[in-house]
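Colleague: Heads up, the sequence shown is in the working numbering, so the first residue is 18 and it goes up one at a time. Cβ atoms here follow ideal geometry from the backbone N, Cα and C, with glycine treated the same way. Can you read through this structure? Questions will come right after.
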Amino acid sequence: MSFQDQAKADFINNVLNTDECAEDITYTPKGSTAKPIKAIVERKGLLNAGEVSGRILVEQVEIIIANDSEYGVEEINKGGDTVSLPERIGGDIVTFRVVHILNQCPVSWHLLLER
């Protein structure tokens with residue numbers, strides 16, 4: 018097993034453990050079926066979306082998920098993929114869209130979501 022394979026296994030089995038820091042979410046690739054996966058979720062609340070979007074306030078969330086076909090996703094479609102997760106822990110499920118890839122490595126994706 019390579020270092021990269023071991024790093025991915027450790028990430029999936031330890032970091033994305035719902036008994037620790039991870040949460041269950043639903044990831045829906047554009048034009049495909051929804052898939053339950055685990056993610057580290059950072060809820061940001063309402064933020065200024067900036068000049069491009071007319072200075073509107075948007076709700077943003079960052080997630081970190083596995084870069085893996087079984088435990089996460091291998092392809093990201095910005096603007097087309099959606100993610101459903103609780104608005105707050107224990108709250109109602111809401112749907113966000115993937116708007117930006119903040120980071121990518123062979124182990125994980127770090128994504129910015131907006132509602």
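Please identify the residue among R105, F113 and D27 whose C-alpha is closest to the C-alpha of Y44.
Modeller: Checking every option, the nearest Cα to that of Y44 belongs to F113.
Colleague: Identify the continuous alpha helix (DSSP H) that holds F28 and give its terminal residues.
Modeller: No alpha helix (DSSP H) holds F28; DSSP gives it neither H nor E.
Colleague: Can you name, in chain order, every residue of its own chain whose Cβ lies under 7 Å from the Cβ of E104, other than the five neighbours on each side?
Modeller: Excluding positions up to five away in sequence, the list reads V111.
Colleague: State the beta-bridge partners of A56 as determined by DSSP.
Modeller: Answer by DSSP bridge pairing, in chain order: E40.
Colleague: Between the alpha carbons of V78 and D109, how many angstroms are there, rounded?
Modeller: Rounded to the nearest angstrom, the two C-alpha atoms are 15 Å apart.
Colleague: Looking only at C-alpha atoms, which of H127, T35, G97 and I118 sits nearest to P53?
Modeller: Considering only alpha carbons, the answer is T35.
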